[in-house]
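Visitor: Using the numbering used here, the final residue of the sequence shown is 80, and nothing's skipped along the way.
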Amino acid sequence: MAQLHCYVPEELAKQAHHKATQSGLSLSRYLAELVRRDASPCAGWPEGYFDIFGKWEGAPLERMPPLPLEERLEIK
């Protein structure tokens, strides 16, 4: 496993250490998890998110008809 070294402000280091302790992880493991979540190819999407498409087992979904457009005053 690669080792990375970085410098952060002291207050940020304290906050990261506190969050790691709350999570029951070492600081190294906690930071690795943050990087993994942020740098993964589909960052922002929960794991397995794209596996659920086509799995709906309820009644078929129906698209509502579009609403009529509102009338607006003419700008002069």
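Backbone N, C-alpha and C define an ideal beta-carbon position, used for all residues, glycine too.
Any contact between the segment 14-27 and the segment 39-52? By contact I mean 3 or more CB pairs, one from each, below 8 Å.
Guide: No, because fewer than three Cβ pairs between the segment 14-27 and the segment 39-52 fall closer than 8 Å, the two stretches do not touch.
Visitor: For the alpha helix (DSSP H) that Ala20 lies in, which residues bound it at each end?
Guide: Taken as a continuous stretch (DSSP letters only), the alpha helix (DSSP H) holding Ala20 covers Glu14 to Ser27.
Visitor: Under three-state DSSP, which class holds Arg67?
Guide: The answer is coil: DSSP assigns Arg67 none of H, G, I, E or B.
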